[in-house]
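In case it helps, the numbering used here puts the sequence shown at residues 107 to 399.
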Amino acid sequence: MNVLSLTRRFAGSLLVLLSLTSALEAKIGALGRIMPAGDILNLPGTGDAVATVHVKEGEQVAAGALLVTFRSHDTATNEVAMAQLALREAEELGQMALEAQELRLEVGRRDYEYARARYERFVQLGGEKSSPQQVAERAHQMRNAELSYLAAQKEYARAKIDRDMKIERARNQLAIARDKLDRSTLCAPAALTVVKLGVVPGTVPSGVAVCLANLTEMQVSAEVFAGDLPKLKLGQPATITSTSLPAPIKGKVISIGRVISGRAKVAEVLIKLDETEVASRLLNLEVNVSIDE
Numbered sequence: 107m108n109v110l111s112l113t114r115r116f117a118g119s120l121l122v123l124l125s126l127t128s129a130l131e132a133k134i135g136a137l138g139r140i141m142p143a144g145d146i147l148n149l150p151g152t153g154d155a156v157a158t159v160h161v162k163e164g165e166q167v168a169a170g171a172l173l174v175t176f177r178s179h180d181t182a183t184n185e186v187a188m189a190q191l192a193l194r195e196a197e198e199l200g201q202m203a204l205e206a207q208e209l210r211l212e213v214g215r216r217d218y219e220y221a222r223a224r225y226e227r228f229v230q231l232g233g234e235k236s237s238p239q240q241v242a243e244r245a246h247q248m249r250n251a252e253l254s255y256l257a258a259q260k261e262y263a264r265a266k267i268d269r270d271m272k273i274e275r276a277r278n279q280l281a282i283a284r285d286k287l288d289r290s291t292l293c294a295p296a297a298l299t300v301v302k303l304g305v306v307p308g309t310v311p312s313g314v315a316v317c318l319a320n321l322t323e324m325q326v327s328a329e330v331f332a333g334d335l336p337k338l339k340l341g342q343p344a345t346i347t348s349t350s351l352p353a354p355i356k357g358k359v360i361s362i363g364r365v366i367s368g369r370a371k372v373a374e375v376l377i378k379l380d381e382t383e384v385a386s387r388l389l390n391l392e393v394n395v396s397i398d399e
């Protein structure tokens, strides 16, 4: 083999090496973790012992679905029923008392108007001259009737205030009872999947009771160096790899963070995964991210 042949072969190998290096340089590498869209929702316990767990891990639940019932639930239910009864009683008895005062007020008004009419009529007929004593007596009766009417007005106003105060107090007690009832259960805030249970019947959960997540859309949260951010744009394809994954997973960049955090000078970049089945079983798995430039 002559020198020219060796030179050509070396040049060819160098071109291949340069092309491979260029291909590698056209990738942006980062570390990331697999996460559901919206991250994981952690529902804490309420400091009460668990009575019943209504779901199991991996189960899909509808919005409002009952997840956990605590021991205080029965007591809280009874307290709500009692508070509702007290509110109805306050409303009904208060209305009855008010109607009774309204009747007294109407009687007082009529008595006063009648006494005033008698007095004014007697004066118009010249009673002041013929019988000053009767005029004074009727004036006294009119004044007493007026005082009774004014007293009835005050009693009516007091009865209304008393009724309103009792109803307001009963409503506040009902609100407190309902809040206790709400805290005696854990319910799903939306249609999600139960990814982890931290509760056992008979125990008091000290931390997170139920972990929920939306596994219909999976993402990777990647930490990309600040120097690589200008090279990124939405929609860029990415490849996710890990020894725990049976095969690489493809995805696309859907969010590019603007805030640089920590001494590492990285920002969060979100990648939406094309496939969710495998990723949904490996939440928080650390993965390698390769983004095409």
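No residue lacks a Cβ here, since even glycine has one placed at the ideal position from N, Cα and C.
Just so we're clear, the structure is a prediction, and the values are computed from it rather than from any experiment.
Exercise for the section: Could you tell me which residues DSSP pairs with Thr299 in its beta bridges? Expected result: Taking the sequence shown and counting its residues from 1, the one referred to as residue 299 is at position 193. In DSSP, Thr299 forms a bridge with Gln166 and Ala319.
Problem - Same chain, Cβ closer than 7 Å to Ser327, neighbours up to 5 away in sequence not counted - result: Translated into positions along the sequence shown, residue 327 becomes position 221. Cβ neighbours of Ser327 beyond the five flanking positions: Gly138, Arg139, Met141, Glu374 and Leu376.
Exercise for the section: Mark Arg369 as exposed unless 16 or more other C-beta atoms lie within 10 angstroms of its C-beta, in which case mark it buried. Expected result: Against the sequence shown, residue 369 aligns to sequence position 263. With a 10 Å radius around the Cβ and a threshold of 16 neighbouring Cβ atoms, Arg369 comes out exposed.
Handout entry: Beta-carbon separation (whole angstroms), Ala297 vs Ala385, contact threshold 8 Å
Key = Counting from 1 along the sequence shown, the entry for residue 297 is found at position 191. Counting from 1 along the sequence shown, the entry for residue 385 is found at position 279. Not a contact, Cβ separation roughly 19 Å.
Problem - Helix, strand or coil at Pro311 [DSSP, three-state] - result: What you label residue 311 is simply residue 205 of the sequence shown in a count that begins at 1. Coil.
Exercise for the section: Determine the closest residue to Met248 out of Pro238, Leu256, Asp180 and Tyr218, with distance taken between C-alpha atoms. Expected result: Residue 248 sits at position 142 when you count from the first residue of the sequence shown. Here the closest residue by C-alpha is Tyr218.
Problem - Arg177 versus Val306 - alpha carbon distance - result: Here residue 177 refers to the residue found at position 71 of the sequence shown. Here residue 306 refers to the residue found at position 200 of the sequence shown. If I take the Cα positions, the gap works out to 12 Å.
Exercise for the section: Using 10 angstroms around the beta-carbon of Leu130, count the other beta-carbons present and answer buried if the total reaches 16, otherwise exposed. Expected result: Start at 1 with the first residue of the sequence shown, and residue 130 comes out as number 24. Note that Leu130 has pLDDT 48, beneath the 50 cutoff, so the model's placement of it is unreliable and the number below is only indicative. Exposed.
Problem - Integer-rounded CB distance, given that Glu329 should sit under 8 Å from Ile134 - result: By one-based count along the sequence shown, residue 134 stands at place 28. By one-based count along the sequence shown, residue 329 stands at place 223. So it is not a contact: roughly 12 Å between Cβ atoms.
Practice task
Tell me whether Arg114 is buried or exposed, calling it buried when 16 or more other Cβ atoms sit within 10 Å of its Cβ.
Solution key: Working through the sequence shown from its first residue, we reach residue 114 at position 8. In this prediction, Arg114 has a pLDDT of 46, which is less than 50 and means its spatial position is unreliable; what the coordinates show is noted afterwards. By the neighbour-count rule (16 or more Cβ atoms within 10 Å), Arg114 is not buried but exposed.
Practice task
Since I believe Gly214 is in contact with Ala245 (beta carbons under 8 Å), could you give me their beta-carbon distance rounded to a whole number of angstroms?
Solution key: As a working note, residue 245 is residue 139 in the sequence shown. As a working note, residue 214 is residue 108 in the sequence shown. In fact, because the Cβ distance is near 18 Å, the residues do not count as touching under 8 Å.
Practice task
For Asn390, name the three-state secondary structure that DSSP assigns.
Solution key: Sequence index remark: in the sequence shown, residue 390 carries index 284 (1-based). In this structure, Asn390 counts as coil in the three-state DSSP scheme.
Handout entry: First through last residue of the alpha helix (DSSP H) which encompasses Arg215
Key = Locating residue 215 in the sequence shown gives position 109, where the first residue counts as 1. Unbroken alpha helix (DSSP H) run through Arg215: His179 to Gln230.
Exercise for the section: Look at the alpha carbon of Thr183 and the alpha carbon of Ala276, and state the distance between them as a whole number of angstroms. Expected result: What you label residue 183 is simply residue 77 of the sequence shown in a count that begins at 1. What you label residue 276 is simply residue 170 of the sequence shown in a count that begins at 1. Spanning the two alpha carbons is a distance of roughly 16 Å.
Handout entry: Contacts around Ser290, its chain only, beta-carbon distance under 6 Å, and the 5 residues preceding and following it disregarded
Key = Indexing the sequence shown from 1 puts residue 290 at position 184. The residues are Phe176, Ser178, His179 and Ala182.
Practice task
May I ask you to report which of helix, strand or coil DSSP gives Asp154?
Solution key: On the sequence shown, position 48 is the one that residue 154 refers to. Coil at Asp154, not helix or strand.
Problem - Neighbourhood of Glu252 by C-beta, 6 Å cutoff - its chain only, sequence neighbours within 5 removed - result: As a first step, residue 252 is located in the sequence shown; it is residue number 146 there, counting from the start. Once the five neighbours on either side are set aside, the close Cβ partners of Glu252 are Tyr218.
Problem - The beta strand (DSSP E) enclosing Ala381, as first and last residue numbers - result: As a working note, residue 381 is residue 275 in the sequence shown. The residue asked about is misnamed: residue 381 is Glu in this sequence, not Ala. For Glu381, there is no enclosing beta strand (DSSP E), as DSSP marks it with neither H nor E.
Handout entry: Ala283, enclosing alpha helix (DSSP H) - first and last residue
Key = Position 177 of the sequence shown, counted from the start, is the residue given in the question as residue 283. Ala283 -> alpha helix (DSSP H) spans Pro238 to Asp288.
Handout entry: Residue span of the beta strand (DSSP E) that contains Ile346, given as start and end
Key = Reading the sequence shown from its first residue, position 240 is the one you call residue 346. Residues Pro343 to Thr347.
Problem - Host beta strand (DSSP E) of Lys358 (start-end) - result: Start at 1 with the first residue of the sequence shown, and residue 358 comes out as number 252. It spans Ile355 to Ile362 - the beta strand (DSSP E) in which Lys358 sits, taken as one unbroken run.
Exercise for the section: State buried or exposed for Thr56, treating a residue as buried only when at least 16 other CB atoms are found within 10 Å of its CB. Expected result: What the structure shows of the chain is the stretch from 107 to 399, and residue 56 is not part of that stretch, so it cannot be assessed.
Exercise for the section: Spatial neighbours of Arg421 within its chain, please: CB distance less than 7 Å, with the 5 preceding and 5 following residues excluded, ordered by chain position. Expected result: Absent from the structure is residue 421, since the part of the chain shown begins at 107 and ends at 399.
Exercise for the section: Might you give, ordered along the chain, the residues of its own chain that have their beta carbon closer than 7 Å to the beta carbon of Lys260, omitting 5 neighbours on each side? Expected result: The sequence position of residue 260 within the sequence shown is 154, counting from 1. Excluding positions up to five away in sequence, the list is empty.
Handout entry: Leu173 - containing beta strand (DSSP E), residue span
Key = The residue labelled residue 173 in the question sits at position 67 within the sequence shown. Leu172 to Phe176 is the extent of the beta strand (DSSP E) around Leu173.
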